[in-house]
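Below is one structure, written out as C-alpha cells, with a few remarks after it.
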Amino acid sequence: MSDTKVDGEREPRDVLEHRALEEEREPRDVLEHRAIENVIIVGGACAGYAAALYTSRANLEPLVIEGFQWGGQLQNTTDVENYPGFPEGIMGPEMMVKFREQAERFGTRFVTDDAIRIELSDGGIQRVWVNDEEHLAKAVILAMGAEPKRLGVPGEVELGGHGVSTCGVCDGAFFKGENVMVIGGGDSAMEDSIFISKFAERLTIVHRRGEFRASKIMLERARRVDNIDFKTPFVVEEFVAGDDGKLASVRLKDAETGETEEMEIGGAFVAIGHTPRSELVIGEVDADENGYVLTRDGSTKTNLAGVFAAGDLVDHTYRQAATAAGTGVMSALDAEWYLRDTPPSPEAHWAGRAGVAQEGEPEDAAKVQA
Ligand code: NAP
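Under this note's numbering, the very last position in the sequence shown is 358; numbers go up by exactly one each time.
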C-alpha cells in the first residue's frame, strides 16, 4: 500500500488510526512475541528448588526447568537423617516433593522436562531450550547437580538404597556393627572409609590398582584406622542380593590372576568420583578441568553477568543436600540483587517497558513481553 495521498485528499480518521496501529505493531512482529522471564532455574533438586523458593518469595515468578526425572540424587536415596529439621529422618523422594511443593506455594512454575540446550550471555538474555521450545530470561541459575560415577556392574542400581550407596556421609551410620566395603582409591574413598569405620565392625577398601590416587595424607589416615583393611588389585563383578532383597555379598575378581571370590558384606559404598552435569554449558561458562562450574568471590556468580551456579554442579567438596540447598539460596539472592541493580543491556529490549525496574528504581520484577 502506498502512503501517497491522491489529490491532497485526507484519509478518514479511522484509516489513519488503523495505520498508526499497524506501524506500532511492526517492530513487535519482528521481535516475536515471547515472554522474557526474570529468572530461569535449570535443575530440579535441592539447589534448584531452594533457589525457586527464594526467588518466588521475592516475586520473581521463577521458571524451573526441573528435568524429566526431577529430584536428583535424593530420588535414589532412602532415609535422609542428616538434613537439619527432620529429627525422625525423611525419605529422599518425599523430601524432594516437599521442597518442590514449598517452591510451588509461592508461584514457582515448572517445566517437567530436560533442558537440551543452553545459550548463555554476559549480561544479556539467557536462552534455554526444552525440546523445540526456547525460554528466555534476564538471569539464569544453573543447578543441574552432579552424578556419582557408577561401576556399571549387576546389582549396583537394583540394590541402590538396599545396601549399595554412593554417599558414605549420608548412609554410613545405617551399617552399625556390620562388615562393609568401600570401592575406590581416591580421596573420596578414603574420606568415606574413615567416616564409615566409626560405625562398621570391619571395613574393606577395594581398589582396582595397587597404587592409590588419594593424597598421601588421606591414605595414611585410612591406613592408621584399626578396622580398615585394603584389598587390591580387585574389581567388583557383582553385588549379590540375599533372600530379603538386600545386599548380602559382593563378587570380586583379582585384577591380576582373574580369580573370583565372594565376600559377605552388609553395605557397599561406591566412591569412584562424581561427574558434574555441566555438559550443556561447557564452553559457555568457566568451568574447571573436571567440568565443575566455577563461581567467584564466595558467591554463586560465574564469569558471566546474570548467570549463577549452585549445588553439586559447583561443589566437589561437600556435596550434601543441606549445602546444595544453601548455595541454592545464595544463588537466588545473587540473582535477585543482579536484577535489582543491573540496568538493562542494549540487547535487553525490555528496557523502558512497564513493570521492569529501571536504574535507580525499586525492583518490582514483573515479567514482560518482548
Ligand atoms: P578421583 O580422585 O577421581 O578418584 C576416583 C577413584 O575411583 C580412583 O582411585 C579410580 O581408580 C577409581 N575408579 C574410577 N572409576 C572406576 C571404576 N570404573 N572401577 C573401579 N575404580 C574406579 O575421585 P574422588 O576421590 O571423588 O576425588 C575427586 C576430587 O575431590 C579429587 O580432587 C579429590 O582430591 C577431591 N576430594 C578431596 C577430599 C579431601 O581433601 N578431604 C575429599 C574428597 C574428594 P584409578 O586411580 O585406578 O583411576
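In this text, a Cβ means the ideal position worked out from N, Cα and C, and glycines have one as well. Computed from a prediction, not measured in an experiment: that's the story for all the values here.
My output table needs one value for residue i: the three-state DSSP class, helix, strand or coil.
i	result
Ala236	strand
Gly230	coil
Ala256	strand
Phe200	coil
Glu121	strand
Thr263	strand
Lys164	coil
Thr311	helix
Glu247	coil
Val281	strand
Glu12	Low confidence applies here, because Glu12 scores a pLDDT of 43, under 50, leaving its location unreliable; read the following figure in that light. Helix, per DSSP.
Asp329	helix
Leu130	strand
Gly316	helix
Cβ of residue i within 8 angstroms of Cβ of residue j?
i	j	result
Val223	Ser237	no
Asp360	Ala312	Nothing can be reported for residue 360, as the shown portion of the chain is limited to -11 through 358.
Gly146	Glu166	Note on residue identity: the sequence assigns Glu, not Gly, to residue 146. For Glu146 and Glu166, no; Cβs fall outside 8 angstroms.
Ala125	Ile53	no
Ala131	Ala39	yes
Leu62	Cys34	yes
Glu225	Lys204	no
Ala293	Ser319	no
Met169	Thr154	no
Arg307	His262	yes
Val30	Val128	yes
Gly32	Gly55	yes
Phe87	Tyr42	no
Ser256	Ile171	Looking at the sequence shown, residue 256 is not Ser but Ala. Result yes, Cβ atoms of Ala256 and Ile171 sit closer than 8 angstroms.
Thr315	Thr288	yes
Val302	Tyr280	yes
Ala134	Arg265	yes
Please name the residue or residues paired with residue i in a DSSP beta bridge.
i	result
Phe187	DSSP lists no partner for Phe187.
Gln114	Ala125
Lys219	Val194
Gly148	Val152
Ile270	Val273
Met169	Thr192 and Ala256
Lys289	Phe296
Val224	Leu240
Glu135	Thr263
Suppose you measure from the CA of residue i to the CA of residue j; what does that come to, to the nearest Å?
i	j	result
Asp231	His150	12 angstroms
Gly77	Glu69	4 angstroms
Leu48	Asp274	26 angstroms
Arg196	Gly173	8 angstroms
Gln114	Asp214	53 angstroms
Arg97	Glu82	19 angstroms
Asp217	Arg211	8 angstroms
Ser185	Glu107	45 angstroms
Ala286	Val317	The residue you asked about is not Ala; residue 286 is Gly in the sequence shown. In a straight line, the C-alpha of Gly286 is about 13 angstroms away from that of Val317.
Glu272	Ile104	14 angstroms
Ala310	Thr65	14 angstroms
Pro142	Gly233	14 angstroms
Trp58	Val99	10 angstroms
Gly254	Phe162	10 angstroms
Val295	Asn278	20 angstroms
Glu179	Gly112	42 angstroms
Gly198	Glu249	18 angstroms
Residue ranges of each alpha helix (DSSP H) within the region 28 to 106, 4 or longer: Note on the region 28 to 106: whole alpha helix (DSSP H) runs with a minimum of 4 residues are 34 to 45 and 80 to 93, in chain order.
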